[in-house]
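The block underneath contains the structure these notes are about, expressed in structure tokens.
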Amino acid sequence: MPYLIRTDLDSPPGSPRLNLREHSEDEAERENPNLPRPSKASVEIKRVFHPHSKRPPIFQSFPDYVASDISVHAPVNSTPWKPFRTRLDFEVAEFCELAMLNTEMTETLITLIRRCGNNIKNFTIANHSELDKLWGLASHKCTEFVEDTIAVPYKEENRTYKTYTRPIWDWVLSLVQDPRLASCFVWDAEKAYRYNGDTYSALPNHPDAKVLGLIIYADKSKLSTFGTEKAYAVVARVANILVPIRNSTQFGGGQVVGHQPVVKDDTQENNKPGFSNFKNVVWHAAFWKLLESLVHHSKVGSWTQCGDDLRRWLWPMILILASDYEEACVMALIRGLNALYPCPICFVPWNEQSDLSTEHPKRTGQESEIILEKARAFRTAAEREQLLKDNSLRDVENVFWKINNTDPHAACCFDRLHAYGGLWTDHLFAQIKLRVTEKGRNAIAKIDKQMSSMPRWRGLNHFDAVMNITFNDGSKNEDIAKMMLFAAHNVLVDVPGVQLLQCVRSFLELNMYVSLEVHTSKTIAAGERELLIFDDKYIEACKGTEYGDKSWNFPKMHSHQHVFDDIKNKGATRNFGTKISESMHGPIRKTYHRLTNFKNVTPQLIKHDHRRAVGLFIREQLEVLDAPGDSECPPDQETEILSNISIGSKLKPITFSVIEDTNSGDAAFARFRVGFADFLSDFLQAYGYNLPDGKRIRFEQNDTLVPFQFLKVHYEHLGNWTSSADYLRCNPSFHGHPRYDGALVKTTDGHIFVQLIYMFSCTVEKKSHPFGLVLPLDTRAIGRKDRLLRFHRLHAKPRKNAEFISAHSIIRGVLLAPDFDNYGEFLIVDIVDTDISLRLKDMYPDRY
Numbered sequence: 001m002p003y004l005i006r007t008d009l010d011s012p013p014g015s016p017r018l019n020l021r022e023h024s025e026d027e028a029e030r031e032n033p034n035l036p037r038p039s040k041a042s043v044e045i046k047r048v049f050h051p052h053s054k055r056p057p058i059f060q061s062f063p064d065y066v067a068s069d070i071s072v073h074a075p076v077n078s079t080p081w082k083p084f085r086t087r088l089d090f091e092v093a094e095f096c097e098l099a100m101l102n103t104e105m106t107e108t109l110i111t112l113i114r115r116c117g118n119n120i121k122n123f124t125i126a127n128h129s130e131l132d133k134l135w136g137l138a139s140h141k142c143t144e145f146v147e148d149t150i151a152v153p154y155k156e157e158n159r160t161y162k163t164y165t166r167p168i169w170d171w172v173l174s175l176v177q178d179p180r181l182a183s184c185f186v187w188d189a190e191k192a193y194r195y196n197g198d199t200y201s202a203l204p205n206h207p208d209a210k211v212l213g214l215i216i217y218a219d220k221s222k223l224s225t226f227g228t229e230k231a232y233a234v235v236a237r238v239a240n241i242l243v244p245i246r247n248s249t250q251f252g253g254g255q256v257v258g259h260q261p262v263v264k265d266d267t268q269e270n271n272k273p274g275f276s277n278f279k280n281v282v283w284h285a286a287f288w289k290l291l292e293s294l295v296h297h298s299k300v301g302s303w304t305q306c307g308d309d310l311r312r313w314l315w316p317m318i319l320i321l322a323s324d325y326e327e328a329c330v331m332a333l334i335r336g337l338n339a340l341y342p343c344p345i346c347f348v349p350w351n352e353q354s355d356l357s358t359e360h361p362k363r364t365g366q367e368s369e370i371i372l373e374k375a376r377a378f379r380t381a382a383e384r385e386q387l388l389k390d391n392s393l394r395d396v397e398n399v400f401w402k403i404n405n406t407d408p409h410a411a412c413c414f415d416r417l418h419a420y421g422g423l424w425t426d427h428l429f430a431q432i433k434l435r436v437t438e439k440g441r442n443a444i445a446k447i448d449k450q451m452s453s454m455p456r457w458r459g460l461n462h463f464d465a466v467m468n469i470t471f472n473d474g475s476k477n478e479d480i481a482k483m484m485l486f487a488a489h490n491v492l493v494d495v496p497g498v499q500l501l502q503c504v505r506s507f508l509e510l511n512m513y514v515s516l517e518v519h520t521s522k523t524i525a526a527g528e529r530e531l532l533i534f535d536d537k538y539i540e541a542c543k544g545t546e547y548g549d550k551s552w553n554f555p556k557m558h559s560h561q562h563v564f565d566d567i568k569n570k571g572a573t574r575n576f577g578t579k580i581s582e583s584m585h586g587p588i589r590k591t592y593h594r595l596t597n598f599k600n601v602t603p604q605l606i607k608h609d610h611r612r613a614v615g616l617f618i619r620e621q622l623e624v625l626d627a628p629g630d631s632e633c634p635p636d637q638e639t640e641i642l643s644n645i646s647i648g649s650k651l652k653p654i655t656f657s658v659i660e661d662t663n664s665g666d667a668a669f670a671r672f673r674v675g676f677a678d679f680l681s682d683f684l685q686a687y688g689y690n691l692p693d694g695k696r697i698r699f700e701q702n703d704t705l706v707p708f709q710f711l712k713v714h715y716e717h718l719g720n721w722t723s724s725a726d727y728l729r730c731n732p733s734f735h736g737h738p739r740y741d742g743a744l745v746k747t748t749d750g751h752i753f754v755q756l757i758y759m760f761s762c763t764v765e766k767k768s769h770p771f772g773l774v775l776p777l778d779t780r781a782i783g784r785k786d787r788l789l790r791f792h793r794l795h796a797k798p799r800k801n802a803e804f805i806s807a808h809s810i811i812r813g814v815l816l817a818p819d820f821d822n823y824g825e826f827l828i829v830d831i832v833d834t835d836i837s838l839r840l841k842d843m844y845p846d847r848y
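Just so it is clear: in the sequence shown, position 338 is 338 by the UniProt record's numbering, and no numbers are missing.
So, in structure tokens, the structure goes:
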């Protein structure tokens, strides 16, 4: 769904102001009491637009609402590769840039191409030098970098630094005015409500009506092996663009718009207040070069001919500053970790950061500006320093104060990537390792063995050992956190160990709520409750460890207090985290190692970054030109699509006699032929099919079925309201390991959990039907450990109680972790994704 920006435009357009309030569950009815209530069967979404737009409310079915986000791209011209003489010229040039071929390798490739091929006349590039010139001619297709020099005084001398920026207003206009992106922009403020049968649940989306919001990310990254060479990239996104485009790296998504100068460390000056202030002055002076073109338009607006050929009065502002804690301190110009008030968003005292239940006054840009003016009015440096220190501010003017409707403190956000990554790896996982190590080598080996025995699942990293291995990959650490609870619950069985696992469970639950891509007032309220539980469990779990004397008052812990306010005001965390932009450091590092001479590297980095941007701009137009019509799309040869499922990995037809003989020792296959005939007869009649010759089905020993080992199940994901799919396997040797996945199945008596045993299709009256032989899994009474750790325990029925189901009755897959101390019992890995977590909360509300 779109990331919507709500704005209050009741005032004249010359002075737009933001309305960041939360909407309650019944707000739709209170604001529009005379609107007719639709029937639940036909309508799920109501969209109420700001009165300024003069658009009436819209009632939509959920599929229509989702479809309204889908954009249609149209090519700008039929020869987008120009100034390259031919399309082949461009595609070779594009390949060289994406493969990061140096001059020598590019020359070799061009020589080889010119020596072969039937269409050599379409390739006209003679050498690398000519290729360089063509890239130069094409550079105007995207907003180009501009080099500037800034001079900042320090100790009676001016130190100069080079900055490289794309003038940000020019870059914004290149997107706003492009017809291909016209349908991807959200201009009219709206509130969206999803119908739940009783009330509309207000979706906390941030408003947007002719306000043009920008999302800015900045962070340093190491380029050289020893970190002596660094790049300081700035990435920008336009908040008005729909999420699938905005959060991508395709045209209309995130783009590097600047490189900040990196002030080198000075052993004689490091840690001195004056030098710290100097580095902050350099940062903001350089950032001014990026934002300078925005200032005037933020104050008076800009009449702009947009890509849909409509003129709008646009009011740019910085909506979100995405960064880790170190960068947030620079952006907000606070004094950092050891300050009296170390939070860039609020005035939390340094020794109260672990208390998430107490709210503190929020910082504002206006207040910070007043404090700085007051401090600079003092006659003595000591008085000035004391006032700034008391407010944990620096003696530096903030560049963001110059942008109208922009508050750097309000724009700073909770960062899920660093908050959860650091909290898990540096604290919770470290404590688990400490506890387990105290129990000896057998305990360490047991956890590693149980982690290795966990079933594999698509999108989840699998680990053979974790206790003595360190991973720098954030996704791997997140997956370890998800599985550790199920690998350690029978090892950490003492009171401190259980308390630690309770804290891990709350950490995982909180992470689930924070990572939701669609929120309602219900999920936000549940997340806020979980936040307080985590606060209590965290402090409790830290007692009695080697960390007991260490203060838990640190920013990553405290930042959780702001996450749900950020969600209410700015949308889901995918809108304001650093994760989507940190991946853009990868191409910069590769460029450094493959395409630079390691001297004066920034100009070389931006040259190749710009070439990739131009290449992407051209490539996307070519893809539109090349897109086949619906009639030209080839059929899927790997899977057979049947309604909500797709089947694949088909085996050769097999007779009933072979099935029963091969599985004679398995009680699940006893009377397989007779049992399936009875089930199929009942199934066909229940679903309106005629029985062959009007008689109940009987199979002969030589009749055949077609086994298959792969099932793709499509379903509506409750965590993001999009179509999702699980890949289920029923295979005795999938990449060398047996894999029989679990599933949630819909029956006439409700939903049940099962484990797949055998999947096959059967043809009746020339129509193929997919079925499965499954083992039902019963829920068990909640034991003490299950209650404390919030486990969902299942018990497998005896194999003789296996049942047949239609594959169409499978709702989605379920990851089942074995309870290693109780054979035949499983624990649902309910935190593997947000959909299964929300489904279980709906199915078993008494457990939450």
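All C-beta atoms in this analysis are idealised placements derived from N, C-alpha and C, irrespective of residue type, glycine included.
Of the choices the options, whose alpha-carbon is the least far from that of residue i?
| i | options | result |
| --- | --- | --- |
| Asp741 | Asp749, His735, Ile757, His751 | Ile757 |
| Gln561 | Trp187, Cys542, Ile524 | Ile524 |
| Ile110 | Leu98, Ile125, Asn690, Glu292 | Ile125 |
| Lys652 | Thr704, Ile216, Pro692 | Thr704 |
| Ser809 | Ser221, Thr748, Ile215 | Thr748 |
| Leu294 | Asn404, Lys841, Asn270 | Asn404 |
| Lys230 | Glu528, Ser761, Leu508, Thr602 | Thr602 |
| Arg777 | Cys762, Tyr513, His737, Leu827 | Inspection of the sequence shows that residue 777 is occupied by Leu rather than by Arg. The residue with the shortest Cα to Cα distance from Leu777 is Leu827. |
| Glu369 | Gln353, Phe400, Glu383 | Phe400 |
| Thr358 | Leu387, Ser559, Leu388 | Ser559 |
| Ser733 | Phe710, His751, Thr722, Gly719 | Phe710 |
| Tyr420 | Ser475, Asn644, Ile113 | Ser475 |
Please list, in chain order, all residues of the same chain as residue i whose beta carbon is under 6 Å from its beta carbon, the five residues on each side excluded.
| i | result |
| --- | --- |
| Asp726 | Val713, Arg812, Gly813 |
| Ile697 | Ala677, Leu680, Ser681 |
| Phe576 | Ile320, Ala322, Cys413, Lys570 |
| Lys446 | Val491 |
| Gly824 | Ala796 |
For residue i, I'd like the list of residues in its chain whose CB is within less than 7 Å of its CB, leaving aside the five on either flank, ordered along the chain.
| i | result |
| --- | --- |
| Cys329 | Gly336, Pro344 |
| Lys279 | Val263 |
Could you compute how far the alpha carbon of residue i sits from the alpha carbon of residue j?
| i | j | result |
| --- | --- | --- |
| Arg180 | Gly307 | 7 Å |
| Lys141 | Gly772 | 55 Å |
| Asn205 | Thr249 | Reliability of the predicted coordinates at Asn205 is poor, the pLDDT of 42 falling under 50, and the value obtained from them is presented with this limitation in mind. Computed Cα separation, rounded: 23 Å. |
| Lys402 | Trp288 | 9 Å |
| Pro167 | Ile618 | 21 Å |
| Met483 | Gly497 | 16 Å |
| Glu623 | His717 | 29 Å |
| Arg729 | Arg311 | 54 Å |
| Asn468 | Ile480 | 13 Å |
| Ser183 | Asn77 | 18 Å |
| Arg790 | Asn663 | 37 Å |
| Thr364 | Ala411 | 10 Å |
| Ala541 | Arg435 | 11 Å |
| Gly719 | Ser515 | 9 Å |
| Asp833 | Val282 | 43 Å |
| Pro707 | Val48 | 51 Å |
| Met557 | Arg847 | 26 Å |
Please list, in chain order, all residues of the same chain as residue i whose beta carbon is under 8 Å from its beta carbon, the five residues on each side excluded.
| i | result |
| --- | --- |
| Pro361 | Cys346, Phe347 |
| Thr578 | Tyr217, Asp219, Ala322, Ser323, Asp324, Asp415, Leu417, His418 |
| Arg745 | In the sequence as displayed, the identity of residue 745 is Val instead of Arg. If we look at Val745 and ignore the five residues flanking it on each side, its Cβ neighbours are His751, Ile752, Phe753, Val754, Val774, Ile805, Ser809, Ile810, Ile811. |
Segment contact, 8 Å Cβ cut-off, at least three pairs: the stretch 686 to 694 with the stretch 774 to 793: no
Spell out a yes or no on whether the stretch 589 to 602 and the stretch 120 to 138 are touching, meaning 3 or more CB-CB pairs, one atom from each, closer than 8 Å. no
Starting from the N-terminal side, write out each stretch of the alpha helix (DSSP H) that is 4 residues or longer and does not extend beyond the stretch 80 to 155. 87 to 98, 103 to 114, 128 to 138
Beta strand (DSSP E) segments (min. 3 residues) lying fully within the stretch 741 to 766: 742 to 747, 750 to 764
Does the stretch 527 to 537 come within contact of the stretch 498 to 512, defined as at least 3 CB pairs closer than 8 Å? yes
For the pair the stretch 158 to 177 and the stretch 242 to 258, tell me if three or more CB-CB distances fall below 8 Å. yes
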